[in-house]
Amino acid sequence: METSVIYAFLITTLAGLSTMIGSLLIFYKKKNNNIITASLAFASGVMTCVSITDLIPESVNLLMETFHYIPVILICLIFIIIGIITSMIIDKYLPNNSNNLYRVGIISMLAIILHNIPEGIATFMASNTNISLGISLAIAIALHNIPEGISISIPIFYSTNSRLKALGYTFLSGMSELLGAIITYLFLGNLINSIFMGMLFSIIAGIMIHIAIYELIPTSLNYHNKKLTITFFIIGVGVMLINHFVIS
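In the working numbering, the protein residues as written are 7 to 254.
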C-alpha cells in the first residue's frame, strides 16, 4: 500500500474519531434535563447550518461542473426532497415506543452514518491526492463532528443510563467515515464523479434538515424550556458559521 494511501486512511480515521469528543458530556455527574434540552437544540442548529451553508452549496458547486444553473437548482431540490422522504420513511418504520429520547439517538446515529460515509469518501480522495488539502478538510469535518457526537451520545445515555451504549453508538457513527474511505479504495475510486457526489450531498442535506426540525427540536421542547432550546439552537448555528469563517 502506498504511503499516500496510508496517510489518507489515517487522516480520515482521525476525522471520524473526533465524533467521540462530543461524548464527553455523558460523564457529567447526573441526569440533567437542561443538558438534554441544550444538547439536542445545539445539535439541531449545527445540522441545520451544515445542511444550508455546507452540503447544499457544495452540491450546487459539484453539479455546476456539468449542468447549467436552472437544472442544478431543480436537481438539488428534487434530491433534497428525496432525502426528506427517506428520513420520513426511516422515522415511520423505526420501532416506536415510549422512550422517545432513545429513538432520537438512534435516528441521529443513522442520519450521521449516512452523512459521514460521503465525508469519508471526500476526505480520503482529497488526502490521497494532496495531504495538505486532506488535513484542512479533516479539521473542518472534525469541528462539526463534535456536536454530531453530542446528538447521539446524550439521548442514548440519558435514555438507557449506559455510557457503554452511548460511546459504542457514537463510535459506530464516527467510524462510518473510515467505511467511506474503505469503500472508495476498494470499489469506487474511478466511479465517483461530481454528479454522484452532488446528488448525494443534496439527499443528505434533506435527511439532516428533517431530523433537525422534526426530531431534535420537538424533543428538546418536550423538556419545557423554550428559551434554552432557542438559545442553544442559535449557538449551534453560530458555532458552525464561525467554523466556516475560520476555515475559509
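Cβ coordinates follow ideal geometry from the N, Cα and C atoms, glycine included. Predicted, not measured: the structure shown is a model, and the values here were computed from it.
Taking the alpha carbon of VAL66 as the point to measure from, which residue in ILE201, ASN136, ALA132 and ILE236 has its own alpha carbon closest?
Counted from its first residue, the sequence shown places residue 66 at position 60. That would be ILE201, whose Cα lies nearest to the Cα of VAL66.
Suppose contacts are defined by Cβ-Cβ distances below 8 Å. Is PHE73 in contact with SER208 by that definition?
Here residue 73 is taken as the residue at index 67 of the sequence shown, counted from 1. Here residue 208 is taken as the residue at index 202 of the sequence shown, counted from 1. No, Cβ-Cβ distance for PHE73 and SER208 is not below 8 Å.
Between the stretch 185-199 and the stretch 130-137, do at least 3 Cβ pairs fall closer than 8 Å?
yes
Rounded to whole angstroms, what's the CA-CA distance from HIS216 to GLY140? Just pull it up for me.
Within the sequence shown, numbered from 1, the residue matching residue 216 stands at position 210. Within the sequence shown, numbered from 1, the residue matching residue 140 stands at position 134. Between HIS216 and GLY140, the C-alpha separation is close to 29 Å.
Confirm, please, whether the CB-CB distance from GLY89 to ILE158 is below 8 Å.
One-based indexing of the sequence shown puts residue 158 at position 152. One-based indexing of the sequence shown puts residue 89 at position 83. The answer is no: Cβ separation not under 8 Å.
For a quick check, are the C-beta atoms of SER57 and ALA172 less than 8 Å apart?
Position 51 of the sequence shown, counting from 1, holds the residue named residue 57. Position 166 of the sequence shown, counting from 1, holds the residue named residue 172. Not closer than 8 Å, so no.
Does the Cβ-Cβ distance between LEU234 and THR43 come in under 8 Å?
Here residue 234 refers to the residue found at position 228 of the sequence shown. Here residue 43 refers to the residue found at position 37 of the sequence shown. It is a contact, given that the beta carbons lie within the stated cut-off.
Rounded to whole angstroms, how far is the Cβ of GLY51 from the Cβ of PHE251, which I believe are closer than 8 Å?
Numbered from its first residue, the sequence shown carries residue 51 at position 45. Numbered from its first residue, the sequence shown carries residue 251 at position 245. With 8 Å as the limit, GLY51 and PHE251 do not qualify as a contact, their Cβ atoms being about 16 Å apart.
4 or more residues per run - each alpha helix (DSSP H) lying fully within the stretch 61-125
62-69 and 75-99
Is HIS121 buried or exposed, if buried means 16 or more other CB atoms sit within 10 Å of its CB?
Here residue 121 refers to the residue found at position 115 when the sequence shown is read from its first residue. HIS121 should be labelled buried.
For MET255, collect the residues of the same chain with a Cβ closer than 6 Å to its Cβ; drop the 5 residues on either side in sequence, then sort them by chain order.
In this structure the chain extends from 7 to 254, so residue 255 is not present and cannot be described.
Continuous alpha helix (DSSP H) stretch holding MET53: start and end
By 1-based counting over the sequence shown, the position of residue 53 is 47. Taken as a continuous stretch (DSSP letters only), the alpha helix (DSSP H) holding MET53 covers 39-56.
Taking only the alpha-carbon atoms, compute the straight-line gap between LYS232 and LEU222 and give it to the nearest angstrom.
Sequence index remark: in the sequence shown, residue 232 carries index 226 (1-based). Sequence index remark: in the sequence shown, residue 222 carries index 216 (1-based). Using only the alpha carbons, I get a separation of about 13 Å.
CA-CA distance, LEU68 and MET203?
Within the sequence shown, the letter at position 62 stands for residue 68. Within the sequence shown, the letter at position 197 stands for residue 203. If you take the alpha carbons of LEU68 and MET203, they lie about 7 Å apart.
Measuring alpha carbon to alpha carbon, tell me which of LEU227, HIS230, ILE219 and ASN228 ends up nearest ASP97.
Residue 97 sits at position 91 when you count from the first residue of the sequence shown. Of the candidates LEU227, HIS230, ILE219 and ASN228, the one whose C-alpha sits nearest the C-alpha of ASP97 is ILE219.
Is any heavy atom in the ligand SAM found nearer than 7 Å to the beta carbon of LEU16?
The ligand SAM is not part of the structure shown, which contains no ligands of any sort.
Counting C-beta neighbours from all protein chains within 10 Å, is the total for SER93 16 or more, i.e. buried, or is it exposed?
As a working mapping, residue 93 is identified with position 87 in the sequence shown. Under this definition SER93 is a buried residue.
Between which residues of its own chain and ILE198 is the CB-CB distance below 8 Å, once the five residues before and five after are set aside?
The residue given as residue 198 occupies position 192 in the sequence shown. Closer than 8 Å at the Cβ level, and outside the excluded window around ILE198, lie ILE127, MET131 and THR190.
When we look at the beta-carbon of PHE33 and count the other beta-carbons within 10 Å, is it buried (16 or more) or exposed?
Stepping through the sequence shown from its first residue, residue 33 is reached at position 27. Flag for PHE33 reads exposed.
Taking the C-alpha atoms as reference points, what is the distance between THR25 and ILE248?
If you number the sequence shown from 1, residue 25 lands on position 19. If you number the sequence shown from 1, residue 248 lands on position 242. Straight-line Cα distance between these residues: approximately 19 Å.
With 16 other CB atoms within 10 Å as the buried threshold, where does TYR175 fall?
In the sequence shown, counting from the first residue as 1, residue 175 sits at position 169. The residue in question, TYR175, is buried, as its Cβ has 16 or more Cβ neighbours within 10 Å.
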